[in-house]
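2 protein chains.
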Amino acid sequence: MGVIVQKFGGTSVGSVERILNVANLVIEEKEQGNDVVVVVSAMGKTTDSLVKLANDITSRPSKREMDMLLTTGEQVTISLLTMALQEKGYDAISLTGWQLGIETEPVHSNARITNIDPSRIQGELKKGRIIVAAGFQGWTKEHEITTLGRGGSDTTAVALAVALQAERCDIYTDVDGVYTTDPRYISSARKLSSISYDEMLELANLGAGVLHPRAVEFAKNYSIPLVVRSSMERIDGTMIEEEASMEQSLVVRGIAFEDNITRVTVFGLKNALTGLSAIFSTLAKNQINVDIIIQSQTDENCTNLSFSIKHNDLEETTRVLETYKDDLNFTHIEQESNLAKVSIVGSGMISNPGVAAEMFQVLADNDIVVKMVSTSEIKVSTVVDRENMVKAAEVLHTAFHLDQNEVKESLV
Amino acid sequence: MGVIVQKFGGTSVGSVERILNVANLVIEEKEQGNDVVVVVSAMGKTTDSLVKLANDITSRPSKREMDMLLTTGEQVTISLLTMALQEKGYDAISLTGWQLGIETEPVHSNARITNIDPSRIQGELKKGRIIVAAGFQGWTKEHEITTLGRGGSDTTAVALAVALQAERCDIYTDVDGVYTTDPRYISSARKLSSISYDEMLELANLGAGVLHPRAVEFAKNYSIPLVVRSSMERIDGTMIEEEASMEQSLVVRGIAFEDNITRVTVFGLKNALTGLSAIFSTLAKNQINVDIIIQSQTDENCTNLSFSIKHNDLEETTRVLETYKDDLNFTHIEQESNLAKVSIVGSGMISNPGVAAEMFQVLADNDIVVKMVSTSEIKVSTVVDRENMVKAAEVLHTAFHLDQNEVKESLV
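Going down the list, the sequences are from chains B and G.
Residues 1 to 412 (the working numbering) make up the first sequence, in order.
Residues 413 to 824 (the working numbering) make up the second sequence, in order.
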């Protein structure tokens, strides 16, 4: 008899009906003879309502008090789900972050878990109880309430799975698994039955959005198998584990893409030696996330530099660069908007040096101009015109055989 | 520089505007040079909404999970009030029941406080901070979240005042003090500038409703002066303290009344010796509260017994008595509804044996028939017809000179 950790996000617990549906999924797992720990987020729009209340009072609420406020959201959900399980005749108990023994660093709104004392949970499991755990929250040594930031409930689920040496951690969402690419745009997108942690990490960071990268990394470090599956439909999801056992023949496992990318180019940067770090530390200090960076040496003392940002950050980026123009010592900046990023991901690339070349060839064959390139061991990202984004994803999806059926396997 | 505890109920914190108003009242006290601990309840209708959510899931939610659910209400309020204080430039910190060190017995929904460890609060006060404390809640030695039941926030406020050896505990409500009688019915009702704990206890138990009896008893045991005052208007309230310093000449201090009283009479009770305890323990087991009890010995082996209950409990009372009729061994029951209870309260009665007689005389002079009587050292209660209730209260109010002005004094 093993421990299974299940996690349900805000949409999955967004109403009383959905909470009753979640209770059934929990009971099914319990009836398999497993010890079940179920991690839940705040109900649907609860967090937004609480944030609005705070904003009605102050435009700059303290992070500590926001943690105090927002953690009530999961506390409501755990009590309601526990009542639902009890109503259906099962012994269950709700536990808040501090009752779960989730200790974090003394930082508000974005704390990392430092330790989990699983003794309380283990004691309750021994009594045969289902544990209903509040996601997203913890406490510090000084008994302060903290939250784990974005994707916090995913992190809670994986951290509890690690602490309890769980067999598996099931992440229930509003999609039914991880796809080779976004099925809303590419009709031949296919659900993967399995994928490796590293591939998932690249896809998660690239905006595939089903699972927070932090949780994937945590699961990878402790080799906890993750399953992404639907809370609405009873179908197999996608298993994320050390080695993707299936589809070894596929070099590329997924295509990720996102639009609203803008390229900024800084011309005539004089301090070739220190200019690069000066520019990016200035942008970082102003909370601007830079993605792809390309430096081209024009002559001995003068460099041109391009980088990509989210279009939303363009105004602030321009403002910051112009403000520090004299210090940073460059001649002028230019920008190009309406761009998109299209990436191929697959751990098979490590041993297949020709994959990037093949990607560029496929794009060129389809008259798609590549404006920037960035690579990692298991990923190649390109920046193209926004209007070419879906077409690029589509032709790459076909060229790398992602539309072909994989061997079927049952996950659970 | 002393500690002042302030308590604001659900109506006083029912909206963002009211929370900002409460922040101003807290700041005024802080600006007097005091250390301030402010205890708050859940916002207005929050508790009702949470109860509705629970009832949508189950008709019999477990008490533990209800405590888990309902304690989020105060947690929301403390964070919002703290943000409001910080926005106005004051250093403040919110603390939940367990962060306040409020330890209770291991009972859900109606726990009593067993101990308060004030070290955290004292540490925060030393930093010059205003403490914003969640009312109504505590935790057990086993780290379970508990609630204090009805009037719980009043109890929290008084308990913190005791633990911190506060100078005073101010209970802010939607009325501006304790009155000689209910001003909604009796136009000559007058606000009292002071009243003793015992008198307040009798008035609270009689349904005057401004303050929970448990909190008054707690304050009495530790001699914490309580002030009942308005959160809406800046006017003096009523001081509750050991000896009501003013109005010593007044024997009667207040008139309380409530309707919806029903009298039940049990005829021909055979077991004169054990019948009384049998009947009332049976009713108690079925959660029926009995108020006045009158036993009349009819002959050696047979008793008639009358008691008053709330009209709402009549159906259940009849059902219980009929169910156990054979065991209880009586011939039949009768009931009379549309009754009301009118009581006079005053600690001066202890040394004035003629007060009850005077009360009966006044009622008789006004053709008001008394159907039941109950007395304590500082109270005489009578049951009369519902239609005579307000008239009885009015004539008693005048007869005992409660409509005459008392000496004015400033409270704070």
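All C-beta atoms, glycine included, are put in the ideal place defined by N, C-alpha and C.
Would you mind working out which of the options sits nearest residue i, comparing C-alpha positions?
i, options, result
"B/Asn271", "B/Asp326, B/Gln137 and B/Ala256", "B/Asp326"
"G/Lys803", "G/Ala571, G/Gln816, G/Phe669 and G/Glu536", "G/Phe669"
"G/Gly760", "G/Val792, G/Asn778, G/Thr743 and G/Arg541", "G/Val792"
"B/Gly9", "B/Val22, B/Lys285, B/Ser187 and B/His332", "B/Val22"
"B/Asp182", "B/Ile255, B/Arg112 and B/His401", "B/Ile255"
"G/Ser689", "G/Val676, G/Ile705, G/Arg675 and G/Thr674", "G/Ile705"
"B/Thr96", "B/Glu387, B/Glu87, B/Gln86 and B/Leu70", "B/Leu70"
"B/Asn260", "B/Gly151, B/Glu142 and B/Asn388", "B/Asn388"
"G/Thr650", "G/Leu681, G/Glu611, G/Tyr634 and G/Thr686", "G/Glu611"
"G/Leu623", "G/Ala601, G/Glu654 and G/Asp586", "G/Asp586"
"B/Ser119", "B/Ser109, B/Ile102 and B/Gly135", "B/Ile102"
"B/Ile368", "B/Ala166, B/Met232, B/Lys88 and B/Arg386", "B/Arg386"
"B/Gln137", "B/Gln165, B/Val16 and B/Gln99", "B/Gln99"
"G/Gly564", "G/His520, G/Tyr597, G/Leu576 and G/Ile543", "G/His520"
"G/Ile583", "G/Pro637, G/Glu734 and G/Asp815", "G/Pro637"
"B/Glu28", "B/Asn366, B/Tyr324, B/Val290 and B/Ser231", "B/Ser231"
Roughly how many angstroms lie between the CA atoms of residue i and residue j, to the nearest whole one?
i, j, result
"B/Thr82", "B/Thr11", "18 Å"
"B/Gly354", "B/Phe330", "37 Å"
"B/Ala219", "B/Val227", "11 Å"
"G/Thr484", "B/Gln75", "7 Å"
"G/Val451", "B/Lys45", "28 Å"
"G/Ala805", "G/Ser491", "44 Å"
"B/Asn338", "B/Ser187", "24 Å"
"G/Thr489", "B/Pro106", "23 Å"
"G/Ala523", "B/Asn286", "50 Å"
"G/Arg430", "B/Thr375", "56 Å"
"B/Phe280", "B/Ala340", "22 Å"
"G/Asn436", "G/Asp447", "15 Å"
"B/Phe400", "B/Met359", "9 Å"
"B/Ser62", "B/Asn55", "11 Å"
"G/Arg602", "G/Val663", "16 Å"
"B/Asn115", "G/Arg646", "50 Å"
"B/Val37", "G/Lys500", "43 Å"
"B/Ala441", "B/Ser296", "Given a span of 1 to 412 for chain B in the structure shown, any question on residue 441 of chain B remains unanswerable."
"B/Leu396", "B/Glu144", "50 Å"
"G/Thr516", "G/Ser471", "27 Å"
"G/Asp529", "G/Val438", "23 Å"
"B/Asp299", "B/Leu328", "18 Å"
"B/Val51", "B/Ala92", "30 Å"
"G/Ser635", "G/Thr715", "44 Å"
"G/Asp460", "G/Ile652", "31 Å"
"B/Thr398", "B/Tyr324", "46 Å"
Thinking C-beta only, is residue j closer than 8 Å to residue i?
i, j, result
"G/Arg665", "G/Val757", "yes"
"G/Asp566", "G/Lys419", "yes"
"G/Ile721", "G/Thr730", "no"
"G/Ile745", "G/Asp725", "no"
"G/Lys539", "G/Tyr502", "no"
"G/Ile416", "G/Arg580", "yes"
"B/Ala204", "B/Leu160", "no"
"B/Asp67", "B/Thr140", "no"
"B/Glu65", "G/Ser453", "no"
"G/Ala575", "G/Gly414", "no"
"G/Gly535", "G/Ala569", "no"
"B/Leu125", "B/Ala84", "no"
"B/Leu269", "B/Gly275", "yes"
"B/Glu242", "B/Tyr197", "yes"
"G/Leu814", "G/Thr592", "yes"
"B/Ile113", "B/Ile121", "no"
Ignore the nearest five residues each way along the sequence and tell me which others in residue i's own chain have a CB closer than 8 Å to its CB.
i, result
"G/Ser755", "Glu614, Leu618, Ile667, Ala668, Phe669, Lys791, Val792, Ser793 and Thr794"
Please go through the same chain and pick out, in chain order, the residues whose beta-carbon is closer than 6 Å to the beta-carbon of residue i, but skip the five residues on each side of it.
i, result
"B/Met43", "Val13, Gly14 and Thr77"
"B/Val266", "Leu305, Phe330 and Ile333"
Quick one: residues in its chain with C-beta nearer than 7 Å to the C-beta of residue i, no 5 flanking neighbours on either side, listed in chain order?
i, result
"G/Ala675", "The residue you asked about is not Ala; residue 675 of chain G is Arg in the sequence shown. Only Ser718, Ser720, Gln747, Glu748, Leu751, Lys783, Met784 and Val795 meet the Cβ criterion."
"G/Ile762", "Glu789 and Ile790"
"G/Val428", "none"
"B/Asn352", "Val251"
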